[in-house]
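To keep things clear, I will list the structure first and then write my remarks on it.
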Amino acid sequence: MIKQAQKNEAVIKVLQELKLNPTQIPDDVDTVYVYTLVKYGVFKHEAILNLFRERAIKDYFWDAYSSNSPFHFVENTRKYLNQNIELKTQIVNVKVNILGELEEFGESFIAVAKQTKSSKYQPYPDWNLDVYPKEFKALIFEKTRLFCGRDFVFKAIQNFINTQNKGYFSVIGDAGMGKSAIAAKYVLAGKFPCYFNVFAEGRNNPEKFLASIRQQLVKRYSLQNTDDADLRSLLQKASEQLKGQKLLIVIDALDEVEQEGKGNLLNLPQNLPDGVYFLLTRRLYNQETKRLTLSPDTPVDELDLTKGNYTTLSQEDVKEYIHLFIKNDDKVRNWINYRNISEDKFTEEIAVKSENNFMYLRYLLPGISEGKYNDLTLKGLPQGLHDYYTTHWNRMGMDNESNEKKVKILYILVERGEPISINMIAEILDEDEYEVKAVLNDWVEYVTQTINEDEQKTYYNIYHRSFLEFLKGQDKLGKSRKLFKEVNKSMANYMLKEMA
Numbered sequence: 008m009i010k011q012a013q014k015n016e017a018v019i020k021v022l023q024e025l026k027l028n029p030t031q032i033p034d035d036v037d038t039v040y041v042y043t044l045v046k047y048g049v050f051k052h053e054a055i056l057n058l059f060r061e062r063a064i065k066d067y068f069w070d071a072y073s074s075n076s077p078f079h080f081v082e083n084t085r086k087y088l089n090q091n092i093e094l095k096t097q098i099v100n101v102k103v104n105i106l107g108e109l110e111e112f113g114e115s116f117i118a119v120a121k122q123t124k125s126s127k128y129q130p131y132p133d134w135n136l137d138v139y140p141k142e143f144k145a146l147i148f149e150k151t152r153l154f155c156g157r158d159f160v161f162k163a164i165q166n167f168i169n170t171q172n173k174g175y176f177s178v179i180g181d182a183g184m185g186k187s188a189i190a191a192k193y194v195l196a197g198k199f200p201c202y203f204n205v206f207a208e209g210r211n212n213p214e215k216f217l218a219s220i221r222q223q224l225v226k227r228y229s230l231q232n233t234d235d236a237d238l239r240s241l242l243q244k245a246s247e248q249l250k251g252q253k254l255l256i257v258i259d260a261l262d263e264v265e266q267e268g269k270g271n272l273l274n275l276p277q278n279l280p281d282g283v284y285f286l287l288t289r290r291l292y293n294q295e296t297k298r299l300t301l302s303p304d305t306p307v308d309e310l311d312l313t314k315g316n317y318t319t320l321s322q323e324d325v326k327e328y329i330h331l332f333i334k335n336d337d338k339v340r341n342w343i344n345y346r347n348i349s350e351d352k353f354t355e356e357i358a359v360k361s362e363n364n365f366m367y368l369r370y371l372l373p374g375i376s377e378g379k380y381n382d383l384t385l386k387g388l389p390q391g392l393h394d395y396y397t398t399h400w401n402r403m404g405m406d407n408e409s410n411e412k413k414v415k416i417l418y419i420l421v422e423r424g425e426p427i428s429i430n431m432i433a434e435i436l437d438e439d440e441y442e443v444k445a446v447l448n449d450w451v452e453y454v455t456q457t458i459n460e461d462e463q464k465t466y467y468n469i470y471h472r473s474f475l476e477f478l479k480g481q482d483k484l485g486k487s488r489k490l491f492k493e494v495n496k497s498m499a500n501y502m503l504k505e506m507a
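Okay, so the sequence shown: first residue is 8 according to the numbering used here, each after it adds one.
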């Protein structure tokens with residue numbers, strides 16, 4: 008509040024020095040732009056102010072504002088900075104988030120424009136420059152939090168885009184090999200339209216995909232008459248707005264899509280307009296599960312993380328990730344030092360045990376930090392992701408009859424197949440909600456939480472498909488057991504009661 012008051016005071020002072028009335032603002036564009044620069048610019052670094060003082064930037068801004076195309080302003084500003092290296096270097100050196108600054112300036116302009124009450128500034132555009140949907144924000148930042156390496160993947164993608172006029176490029180690998188992290192990093196770096204299929208949350212069908220991509224493309228390219236447009240039509244409309252630029256859409260976990268029929272997954276077109284590319288990530292596939300039939304003139308390429316020299320490059324990235332984690336975690340360093348082993352030896356051993364699986368590292372390294380493996384030596388740590396899951400299952404005593412309640416709760420998460428609340432689990436099993444919460448806390452690293460703000464309720468589901476598949480393979484969770492026939496009956500009774 009103090010800082011805001013100081014800013015308001017500074018704004019008034021600067022306006023008075025420029026002989027501008029703080030309350031009566033003329034409605035011509037140049038003057039409103041000057042007022043905006045003052046309102047926005049207090050306490051800002053000189054480098055970013057120099058950008059907005061440029062006549063070309065002002066013209067780009069007004070063109071984008073008047074056509075309700077904020078992303079055109081982003082693209083034109085980036086092109087301008089690429090041609091003005093000195094100014095770009097100044098902005099980079101002061102570590103300015105350029106996208107955030109462009110959004111803040113636009114919001115300031117709208118606030119000043121509203122003060123004029125002039126119709127020439129209406130309708131006020133949506134100046135939200137958040138280029139990817141909110142439902143993917145947490146996933147993107149989680150996947151990229153300790154991201155490192157994978158340069159060979161990004162070079163291969165860029166080479167495809169540079170040498171082809173359109174097409175599909177796929178990154179392929181086993182569960183946990185970092186495919187989603189690669190997709191998230193690429194989206195974060197390039198602000199590309201995207202869709203992350205999440206099997207456990209039911210966000211994995213053509214209808215939801217099309218709705219999300221339509222919204223993103225409409226917002227980015229100010230497309231008109233798109234309510235009933237299919238994906239092919241949307242891509243054609245977007246391509247007509249590219250003007251020499253390229254459109255790349257990132258789709259993660261194509262293998263998690265649930266779709267009837269034999270057509271292309273997510274109804275991806277067999278042919279694409281020039282300048283349009285798709286980056287896909289997916290697990291290994293056969294011809295039956297591939298479901299990506301393309302016309303002969305549509306370029307296609309893929310990078311299989313499990314093959315050839317890529318396994319060696321992936322292991323180097325794994326080692327870099329381990330080094331980064333050790334550097335940022337005192338408790339892991341203490342675990343290493345207590346056992347009189349070097350950090351290099353620890354890195355080499357864990358890299359081998361990981362089998363190039365980043366999901367394994369995501370679970371194991373935080374587990375070491377939290378003291379879960381204080382009773383084990385380096386040699387005694389689990390080998391590979393499946394062994395890691397098995398180790399945790401055994402350490403939790405899930406095969407003991409005394410833990411039948413825990414097994415039932417996990418079974419419901421598996422059988423439900425979509426997010427479920429603690430309250431619902433408790434009612435199905437006729438258990439206390441506190442008891443259910445305690446069990447879920449035991450499996451916190453494997454269970455993700457989603458808060459429904461409208462209901463003010465938290466929903467739970469299995470974090471990663473690889474763990475879901477591990478659970479489905481456990482005899483303890485076998486559907487044929489009498490125990491789970493009873494649970495299924497309780498689930499059915501609960502649903503009938505809810506529908507009544």
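Note that beta-carbon positions come from the ideal geometry of N, C-alpha and C, so glycine has one too.
Residue pairing for residue 283: DSSP places it in a beta bridge opposite 254.
In this structure, DSSP gives residue 100 a helical state, which the three-state scheme calls helix. Bounds of the beta strand (DSSP E) holding residue 178 are 174-179. Shown here, residue 392 sits in a helix according to DSSP, grouped into three states.
Per the Cβ contact rule, the segment 433-446 is not in contact with the segment 137-157 (fewer than 3 Cβ pairs under 8 Å). A distance below 6 Å between beta-carbons, with the five flanking residues on each side excluded, links residue 244 to the following residues of its chain, in chain order: 230. The beta strand (DSSP E) runs of length 3 or more contained entirely in the segment 292-338 are, from start to end of the chain, 307-311.
Shown here, residue 32 sits in coil according to DSSP, grouped into three states, outside any helix or strand. In the DSSP assignment, residue 464 falls within the unbroken beta strand (DSSP E) covering 464-469.
With contacts defined as CB atoms closer than 8 Å, residue 199 and residue 164 fail to qualify as a contacting pair.
In this structure, the CA atom of residue 202 is about 21 Å from the CA atom of residue 281. Under the criterion of beta carbons closer than 8 Å, residue 379 and residue 354 do not qualify as touching, at roughly 20 Å. Residue 275 has its alpha-carbon roughly 12 Å from the corresponding atom of residue 214. DSSP places residue 228 within a helical segment (H, G or I) once states are collapsed to three. Within its own chain, the residues whose Cβ lies closer than 7 Å to the Cβ of residue 52, once the five positions on either side in sequence are excluded, are 101 and 103, listed in chain order. DSSP places residue 73 within a helical segment (H, G or I) once states are collapsed to three.
With a contact defined as Cβ atoms closer than 8 Å, residue 416 and residue 432 qualify at about 6 Å. By the CB criterion at 8 Å, residue 320 and residue 159 fall inside the cutoff. Three or more Cβ pairs closer than 8 Å define a contact, and the segment 208-222 falls short of that threshold against the segment 62-72. The residue from 268, 260, 224 and 185 with its alpha-carbon nearest to that of residue 207 is 260.
Spanning the alpha carbons of residue 222 and residue 82 requires a straight line of approximately 19 Å. Across the structure, residue 181 and residue 369 are spaced so that their CA atoms are roughly 15 Å apart. Selection 250, 272 and 80 evaluated against residue 258 yields 272 as nearest (Cα-Cα). Taking C-beta atoms as the reference points, residue 300 and residue 266 fail to come closer than 8 Å. In this structure, DSSP gives residue 57 a helical state, which the three-state scheme calls helix.
Taking 3 residues as the shortest admissible run, the segment 375-461 contains the following complete beta strand (DSSP E) segments, listed from N- to C-terminal end: 454-459. Secondary-structure assignment with DSSP links residue 472 through no beta bridge to anything.
The beta carbon of residue 205 sits closer than 8 Å to the beta carbons of 146, 211, 260 and 263 from its chain, once the five residues preceding and following it are set aside; these are given in chain order. The segment 88-132 is shown to contain whole alpha helix (DSSP H) runs of 4 or more residues at 92-100 and 105-123, in chain order. A distance of 8 Å or more separates the beta carbons of residue 78 and residue 112. In the DSSP assignment, residue 50 falls outside any beta strand (DSSP E), carrying neither H nor E.
If you look at residue 139, you'll find it isn't in any alpha helix (DSSP H); DSSP assigns it neither H nor E.
Assignment of residue 203 by DSSP, reduced to helix, strand and coil, places it in the strand class. DSSP, read as helix, strand or coil, puts residue 38 in helix. In the three-state reduction of the DSSP assignment, residue 43 falls in the helix class.
Check the Cα spacing between residue 468 and each of 481, 444 and 373: the tightest is with 444.
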